[in-house]
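**Q** I'd like to ask you about the structure that follows.
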Amino acid sequence: MTAPFRRAIVFAITSIVLSGGFVAAHAATIPDAPTGLSARTGESSAVLTWKPAAHATSYRVCVMVHNTSTTCVRSSGPLTTTSFTLTGLEPTPGTDYFFKVYADNGDLSAVSALKGFDLKESAAPAVVTGVTQRLGYSTLVVNWDAAESARTYSVCLMSTASETCLRSSTRSATRSATFTGLHPTSYDDYYYRVYAYNAAGVSSRSTKHTVNLPVAGVANLIGKKGTVARSFTVSWTGGLNAESFELKVSTSSSMTTGLKTYRSTGMPATATGLPIGTSYAYQVRGINGVSRGPWSAVKLFRLPADPATINVMTYNLCGQDKCVTSANHMKKWSTRKDYAGAIARGAKSGIIATQESHDEDTRFITELPGFGVAAYLHAKTLFYDKDLYDVLRSGGITLSVAEKKYAVWAELRDRKSRATFIVVDAHLQPGKGKSRDDLRNTQTKILLSRVADANPKDLPVVYAGDYNSNKSNADQDRYPGGYDAVLKVFTAAGIPDALNKAAYVVAPTWNSANQAINPPLKHSDHVDHIYVDPEITVNSWRVVLRLNRDNYALPFATDHNPVRAILTVPGR
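Per this note's numbering, the sequence shown runs over residues 2 to 573.
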């Protein structure tokens with residue numbers, strides 16, 4: 002082989018080898034590592050970009066949570082572009098994400114440096130509004146309106162002391178939360194806020210709302226006289242959730258007059274500083290913070306008065322001089338008036354029932370300084386000491402139109418003890434014999450009936466007056482068929498003569514009708530009486546006498562001796 006030919010072959014072979022080597026080298030060239038990595042982020046998305054890499058035919062992206070991770074949480078397939086879009090991302094602790102890009106050329110690849118990126122900070126959703134609550138005795142149901150950009154919600158239930166959630170509702174898209182097993186805790190039982198969360202978990206919170214559990218009503222109220230003066234206590238059942246109670250007291254059943262309110266942390270509640278001898282209406286309700294329970298039904302209680310000791314006199318004045326005759330030589334009223342006044346004042350009676358005391362004729366009030374007229378009708382005058390008593394009501398009673406017989410009455414209240422009672426002043430038919438007794442029988446029955454009508458509160462009653470009846474009326478030798486009609490009617494009604502139940506008596510044998518006679522008549526025959534209801538205690542009874550040794554002192558003040566009784570009236 003010639004040298005030139007051999008050189009030609011070598012050149013050709015070399016050219017072929019070199020040519021084949023170029024093709025192989027071009028197919029297996031390792032691409033450059035991608036550079037210029039960048040992330041354009043949104044609140045839950047990112048667009049990842051990079052610069053083209055030399056010799057790269059495609060790219061792959063690996064997204065990781067940590068910069069040391071070897072696992073891709075998101076990855077792409079082969080990409081022919083230099084960008085990759087991610088959606089549905091959520092923030093993570095620290096840097097949100099890292100990514101790297103692989104440049105591929107066949108089986109060969111190169112990887113970029115790791116690039117971190119953070120999602121765009123998410124804007125909080127709108128604050129929840131339209132919050133409403135529905136309360137039970139131990140439950141709370143909260144509802145609210147949808148908030149813009151909110152995906153889920155949760156309610157934080159707090160104590161009054163801090164913002165720390167005692168309990169939280171499960172976070173969900175539901176716009177309602179229910180809490181059970183609640184109980185009063187303090188002035189305000191609970192607070193709560195409604196939290197709204199967006200897709201990224203960023204939250205906003207509502208204003209703070211207050212919870213005061215409702216209070217159940219109270220019932221079965223019982224009032225009792227208190228151990229403290231001028232007070233009464235009230236107990237009850239019910240009042241669930243109440244931290245305190247309110248007792249309202251009024252002097253009217255409509256709860257509109259004389260209102261007083263008392264607070265109590267428990268039961269019983271006590272109303273104090275009340276006038277005794279008064280009827281009260283009262284109600285109770287429970288209180289829990291600003292939550293008020295319903296008022297109970299109105300109940301009534303009478304705070305009883307203390308017992309009162311009263312001094313009562315009955316006195317026939319003969320003020321129109323009907324008793325004056327030529328036989329008894331009695332003086333005219335104008336002369337006798339001073340004597341009668343001295344006797345009445347000397348007995349120190351605070352209540353004086355007079356008969357035959359026509360106001361225009363007698364003007365007996367002038368003999369009784371400090372007294373007032375409680376009732377007056379047809380010469381029956383009921384006087385009272387204005388320092389000792391108040392007149393609450395009064396009236397007159399017609400016992401017989403034909404016989405012109407009348408009575409008066411007055412409801413009095415003792416100022417000190419506030420005991421309330423009724424005093425009657427009556428003047429019945431005079432004369433002896435059965436026919437007159439029958440008239441007195443009828444008149445007495447009418448008297449009791451009319452007084453009962455005027456006494457719906459069943460107050461104690463004192464019946465004073467000139468009844469013109471005594472045991473001598475039943476003297477059959479003198480008055481055949483006669484009887485003590487007044488005693489008979491009162492006894493049948495269970496109303497005793499004060500003389501018969503007195504603990505102490507003075508001058509019981511001296512007739513109350515002295516008839517302007519000396520020497521005195523001493524037969525224990527009394528036409529002037531004080532009858533009393535059974536609950537009244539009779540401390541003493543006496544015939545009041547004006548004497549000159551064993552005889553009546555002259556001149557006679559009237560043809561009657563006063564009868565006086567000191568009584569104790571029970572408080573009610």
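Yeah, the Cβ is synthetic: ideal placement off N, Cα and C, and Gly gets one too.
How long is the line joining the alpha carbons of residue 401 and residue 237, rounded to whole angstroms?
**A** When rounded, the distance between both Cα atoms is 53 Å.
**Q** Below 8 Å, how does it come out for the segment 367–376 and the segment 385–394: are there three or more Cβ pairs, yes or no?
**A** Touching, yes.
**Q** Below 8 Å on the Cβ atoms is my contact criterion, and I expect residue 508 with residue 546 to pass it. Report the Cβ-Cβ distance as a whole number of Å.
**A** At roughly 6 Å, the Cβ-Cβ gap stays under 8 Å, so residue 508 and residue 546 are in contact.
**Q** What's the gap between the Cα of residue 24 and the Cα of residue 107?
**A** Note that residue 24 scores a pLDDT of 38, beneath 50, so its modelled location is shaky; the value from the coordinates is reported in the next line. When rounded, the distance between both Cα atoms is 14 Å.
**Q** Suppose the cutoff is 8 Å on Cβ atoms and the five residues either side in sequence are ignored; what does the same chain contact list for residue 30 look like?
**A** The residues are 56, 106 and 109.
**Q** Which class does residue 164 belong to by DSSP, given the choice of helix, strand or coil?
**A** If DSSP states are grouped into helix, strand and coil, residue 164 belongs with coil.
**Q** Entirely within the segment 389–429 and at least 3 residues each: give me those beta strand (DSSP E) ranges in chain order.
**A** Correct list: 390–401, 406–415 and 421–428.
**Q** Can you tell me the Cβ-Cβ gap for residue 515 and residue 553, rounded? I've got them flagged as a contact below 8 Å.
**A** Their Cβ separation, rounded to whole angstroms, is 6 Å, which keeps residue 515 and residue 553 in contact under 8 Å.
**Q** Tell me, please, which residues DSSP counts as bridged to residue 192.
**A** Its beta-bridge partners are 159 and 211.
**Q** At the level of alpha carbons, what is the spacing between residue 78 and residue 86?
**A** The alpha-carbon atoms of residue 78 and residue 86 are separated by roughly 12 Å.
**Q** Give the range of the beta strand (DSSP E) segment to which residue 467 is assigned.
**A** Residue 467 -> beta strand (DSSP E) spans 462–467.
**Q** Please state whether DSSP places residue 67 in a helix, a strand or coil.
**A** Here residue 67 sits in coil by DSSP.
**Q** Use the C-beta contact count for residue 240: other C-beta atoms within 10 angstroms, 16 or more gives buried, fewer gives exposed.
**A** By the 10 Å Cβ count, residue 240 comes out buried.
**Q** Which residues in the same chain as residue 89 place their Cβ atom closer than 8 Å to its Cβ, once the five residues preceding and following it in sequence are excluded?
**A** Excluding residues within five positions, the ones whose Cβ falls inside 8 Å are 45 and 46.
**Q** Under the criterion of a Cβ to heavy atom distance below 8 Å, does residue 185 qualify as lining the ligand PLP?
**A** In terms of ligand content, the structure shown is empty, and the ligand PLP therefore cannot be addressed.
**Q** Which residue's Cα is closest to the Cα of residue 186: 262, 212 and 326?
**A** Here the closest residue by C-alpha is 212.
**Q** On the criterion of 16 or more Cβ atoms from any shown chain inside 10 Å, does residue 188 qualify as buried, or is it exposed?
**A** Looking at its Cβ environment, which holds fewer than 16 other Cβ atoms inside 10 Å, residue 188 is exposed.
**Q** If residue 529 and residue 439 are in contact, beta carbons under 8 Å, what's the gap, nearest whole angstrom?
**A** With a Cβ gap of about 21 Å, residue 529 and residue 439 do not count as contacting.
**Q** Would residue 120 and residue 202 be called neighbours here (beta carbons separated by less than 9 Å)?
**A** Not in contact: residue 120 and residue 202 (Cβ atoms no closer than 9 Å).
**Q** Leaving out the 5 sequence neighbours to the left and right, which residues in its chain are closer than 6 Å to residue 37 when beta-carbon positions are compared?
**A** Counting only Cβ-Cβ distances below 6 Å, and skipping sequence neighbours, we find 51 and 52.
**Q** Residue 127 and residue 205 - do their beta-carbons sit closer together than 9 Å?
**A** In contact: residue 205 and residue 127 (Cβ atoms closer than 9 Å).
**Q** Let me check understanding here. Comparing Cα to Cα, which of 214, 303, 268 and 230 lies closest to residue 251?
**A** Ranking the options by Cα distance to residue 251, first place goes to 303.
**Q** Quick check on residue 444: does DSSP put it in helix, strand or coil?
**A** Three-state result, residue 444: helix.
**Q** Using C-beta distances below 6 Å, list every residue in its chain close to residue 567, excluding the 5 sequence neighbours before and after it, in chain order.
**A** Cβ neighbours of residue 567 beyond the five flanking positions: 312, 540 and 541.
**Q** Considering Cα atoms alone, identify which of 484, 249, 501 and 399 is closest to residue 258.
**A** Nearest of 484, 249, 501 and 399 to residue 258, Cα basis: 249.
**Q** What's the gap between the Cα of residue 354 and the Cα of residue 315?
**A** Rounded to the nearest angstrom, the two C-alpha atoms are 5 Å apart.
**Q** When DSSP labels each residue in this structure, what does residue 558 get in the three-state scheme?
**A** Three-state result, residue 558: coil.
**Q** Quick check on the DSSP output: what are the complete alpha helix (DSSP H) runs of length 4 or more inside the segment 283–357, in order along the chain?
**A** Complete alpha helix (DSSP H) runs here, min 4: 334–347.
**Q** In angstroms, rounded to a whole number, what distance separates the CA positions of residue 253 and residue 226?
**A** Answer to the nearest angstrom: the Cα atoms are 19 Å apart.
**Q** Rounding to the nearest angstrom, what Cα-Cα distance links residue 446 and residue 307 in this structure?
**A** The straight-line gap from Cα to Cα measures roughly 31 Å.
**Q** Roughly how many angstroms lie between the CA atoms of residue 429 and residue 285, to the nearest whole one?
**A** The alpha-carbon atoms of residue 429 and residue 285 are separated by roughly 52 Å.
**Q** Return the Cβ separation of residue 425 and residue 408 in integer angstroms, given the expectation that the two are a contact with Cβ distance under 8 Å.
**A** Contact holds; Cβ gap of about 6 Å.
**Q** For the candidate residues 32, 92, 470 and 334, whose alpha-carbon lies nearest to that of residue 527?
**A** When only C-alpha atoms are compared, the closest one is 470.
**Q** Enumerated in chain order, which unbroken segments of the beta strand (DSSP E) with a length of 3 residues or greater are wholly contained in the segment 43–103?
**A** Here the runs fully enclosed are 47–50, 59–65 and 84–87.
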